[in-house]
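If you number the sequence shown the way our numbering does, the last residue is 492 and the count never jumps.
Ideal placement from N, C-alpha and C gives every residue a C-beta, glycine not left out.
These notes are about the structure you will find just below.
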Amino acid sequence: MKKHVFASAALLLPLFGGLVGCTQPGQDEVQYIKVSMASCSFRGVDAEPLRIEVSTSPAAWNAEPSATWIRIVEKTDNALLLTVDDNMSAAERTGEVTITAGQAEQSIKIIQVTDHTLQSTYNTTGEFTMGAVISPNARYVGGYTCIYDTEAGNWVNQVVIIDIRNDKKYMLDPFPDTLYPLYDPCAITDSGNVFFHCEDGKIVMFSLSGDVTVLDNIPGAGKPWLSQVASDESGVWVGFCLGGETLYSPVKWTDGVPEILQKPETTYRGYGWYQGCMARGCSLDGTVIYGTAWEGLDSGLMWWDAEGNVRWVGDELHKIKPVQIFDQQTQTYYDTNLVDGIKGNSTPYSISPSGQWIAGTYQTEELSENKTEIIYTACPAFYDTDNDQTYTFPEYSGAACLGATDDGIGIIGMDGAGGIVSSTVLIDIATGVQISESTDWIYENMGIIIPDYSLLEYISPDGQVAFGYDLNGTGGEMMRKWYVAPKPQN
Numbered sequence: 003m004k005k006h007v008f009a010s011a012a013l014l015l016p017l018f019g020g021l022v023g024c025t026q027p028g029q030d031e032v033q034y035i036k037v038s039m040a041s042c043s044f045r046g047v048d049a050e051p052l053r054i055e056v057s058t059s060p061a062a063w064n065a066e067p068s069a070t071w072i073r074i075v076e077k078t079d080n081a082l083l084l085t086v087d088d089n090m091s092a093a094e095r096t097g098e099v100t101i102t103a104g105q106a107e108q109s110i111k112i113i114q115v116t117d118h119t120l121q122s123t124y125n126t127t128g129e130f131t132m133g134a135v136i137s138p139n140a141r142y143v144g145g146y147t148c149i150y151d152t153e154a155g156n157w158v159n160q161v162v163i164i165d166i167r168n169d170k171k172y173m174l175d176p177f178p179d180t181l182y183p184l185y186d187p188c189a190i191t192d193s194g195n196v197f198f199h200c201e202d203g204k205i206v207m208f209s210l211s212g213d214v215t216v217l218d219n220i221p222g223a224g225k226p227w228l229s230q231v232a233s234d235e236s237g238v239w240v241g242f243c244l245g246g247e248t249l250y251s252p253v254k255w256t257d258g259v260p261e262i263l264q265k266p267e268t269t270y271r272g273y274g275w276y277q278g279c280m281a282r283g284c285s286l287d288g289t290v291i292y293g294t295a296w297e298g299l300d301s302g303l304m305w306w307d308a309e310g311n312v313r314w315v316g317d318e319l320h321k322i323k324p325v326q327i328f329d330q331q332t333q334t335y336y337d338t339n340l341v342d343g344i345k346g347n348s349t350p351y352s353i354s355p356s357g358q359w360i361a362g363t364y365q366t367e368e369l370s371e372n373k374t375e376i377i378y379t380a381c382p383a384f385y386d387t388d389n390d391q392t393y394t395f396p397e398y399s400g401a402a403c404l405g406a407t408d409d410g411i412g413i414i415g416m417d418g419a420g421g422i423v424s425s426t427v428l429i430d431i432a433t434g435v436q437i438s439e440s441t442d443w444i445y446e447n448m449g450i451i452i453p454d455y456s457l458l459e460y461i462s463p464d465g466q467v468a469f470g471y472d473l474n475g476t477g478g479e480m481m482r483k484w485y486v487a488p489k490p491q492n
């Protein structure tokens, strides 16, 4: 178990204050310093050394700590190994290590918390194949690894389940992917049962003891697909199946018994259903469920209440606008419906634990002046299911809502409406006031610095665990997940 608090590991780039460089008069060579961590934090006592990658031009460089309690354990051509003395005071302390190379200079901020402060740990699942999932109450994280066996000539999968409370890792017996061709993890329960989508369309569940269950087909429909699970006490799972009245049908399981949920009367665009819709996530007790349409490119956001009644999220903003668009190829007009409304995504974390808040994106559509194209605008939107009220935030144009807590803190993904989130910020939904960047919020509330490129998806019901992903994993891996949790109790 790692004892140091993970440090921020953002790559420092030119023009953004992270790559420090200069050109000396009369020389063509640009002098620079790049470090893998611009700031880092250590535990108050028993902090293990922390390695920081260093790249410079010129190649020769020096490092100097600003305080005696910061110690350089080792220095190589391309790395620095740092540690700190125990902090026995009741106050946090800060310092820095200054790196120089020629005329270039770069500082690394060092923060050491006191041993009296609540400690958190940062972990990534970079070794997992296709990411990881976290249980509703943030008890377990689960995923799998896939390694090619050259002697056998096939891929070997191994399911991995981590108990966040004590950092215990369960490595289940490996098996050839011809047995269960795992694709990605889709959900994990608070008792450690983890579900996977398989490339052959099956859903397979693994328990901590290694028992394997393949979900049955839905009666009257076909193969099931699981999206999320509620608390163990509720016994609720949600997802969808192939078939039924449409190509896809939303499904709720209660103690393993499936029920196909009703769809809105018409599609998001006001037409008859063909492809259908899917349940994506649910409240902790399983009484409130949300899902998305899948008709063409429409992903209209819907929700089901405790009685199973279905509505479009923020339906007071849902407007269908018949128009005629001019087809330049045929030189004729054709009828279609434009829509203003709230759309969702396929993630299972867009609802607060109680089900009060559902996160989405408010999108409007307008016909261009020459009537040949559609102009789209989008901004974050949170829907209050308790009070039937929608909050939109046009000042965050192009962003999307990702999740929320029961006390009304919303997670917004900047640039998320375009599909790729650049950063995540937290806001007070009721007032619209931005609280902070998510990494700052984690530091202020959990006492730990994490990489700036960490994107927040989920905050546990008790507010003690944060879960998300980053786009700068080892080798540029896109699916690396991370979590911040209280220091494991051994």
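- Following the DSSP letters along the chain, one finds I74 inside the beta strand (DSSP E) bounded by residues 72 to 77.
- Judged by DSSP in its simplified three-state form, E397 adopts helix.
- Following the DSSP letters along the chain, one finds M448 inside the alpha helix (DSSP H) bounded by residues 440 to 448.
- Here DSSP, grouped into helix, strand and coil, assigns A419 to helix.
- In the structure shown, the three-state DSSP call for E66 is strand.
- For E318, the secondary structure class from DSSP, reduced to helix, strand or coil, is helix.
- Inter-segment contact for the stretch 95 to 102 and the stretch 143 to 154 is absent: fewer than three beta-carbon pairs are separated by less than 8 Å.
- Leaving aside the five residues that flank P252 on each side, the residues in its chain whose CB is nearer than 6 Å to its CB run, in chain order, F242, L263, C279, M280, A281, G293.
- Residue pairing of I112 in beta bridges, as defined by DSSP: C42, G97.
- Of the residues assessed, V240 falls on the buried side of the cut-off, its CB having 16 or more other CB atoms within 10 angstroms.
- In the three-state DSSP reduction, D287 falls in the coil class, being neither helix nor strand.
- As a beta-bridge residue in DSSP terms, D386 pairs with W359, Q391.
- For T126, the enclosing beta strand (DSSP E) has its first and last residue at 122 to 126.
- In this structure, the straight-line span from the alpha carbon of E261 to that of K254 is close to 5 Å.
- A direct Cα-Cα distance of roughly 37 Å separates I327 from S229.
- Residue environment for T131: buried (at least 16 other C-beta atoms within 10 angstroms of its C-beta).
- Look at I452 here: in three-state DSSP terms it is coil, with no helix or strand label.
- For D186, the closest alpha carbon among the candidates G133, S137, N168 is that of G133.
- Taking every protein chain shown into account, the CB of E446 has fewer than 16 other CB atoms within 10 angstroms, so this residue is exposed.
- Between A361 and F384, the CB-CB gap stays under 7 Å.
- The beta-bridge partner set that DSSP reports for R313 consists of W305.
- In the three-state scheme derived from DSSP, where H, G and I count as helix and E and B as strand, T180 is classed as coil.
- When the beta-carbon positions are compared, S68 and I113 stay at least 7 Å from each other.
- Taking Y276 as reference, the option from S285, G258, L244, W306 with the minimal CA-CA separation is L244.
- Counting other Cβ atoms within 10 Å of its Cβ, M173 stays below 16 and is therefore classed as exposed.
- Cβ-Cβ distances below 6 Å link V115 to G46, E94, G449 in the same chain, with the five nearest sequence neighbours on each side left out; the list follows chain order.
- Nearest to T268 by C-alpha distance, out of M304, I376, V214, is M304.
- The straight-line gap separating the alpha-carbon atoms of A380 and L428 is approximately 18 Å.
- Between the stretch 313 to 329 and the stretch 357 to 374, the count of C-beta pairs closer than 8 Å reaches three or more; the two stretches touch.
- Spatial neighbours of E439 in its own chain (CB-CB distance under 6 Å, excluding positions within 5 residues in sequence) are listed in chain order as V427.
- When rounded, the separation of the alpha-carbon atoms in E397 and S424 is 16 Å.
- Beta-bridge partners assigned by DSSP to W239: V231, W255.
- Here the alpha carbons of Y378 and E201 stand approximately 35 Å from one another.
- Taking C-alpha positions only, T147 is separated from A223 by approximately 32 Å.
- In terms of Cα proximity to A308, the closest of V231, T387, D442, A295 is T387.
- Apart from the 5 residues on each side of it in sequence, W157 sits with its Cβ closer than 8 Å to the Cβ of C148, I149, Y150, D151, P178, D179 in its chain, given in chain order.
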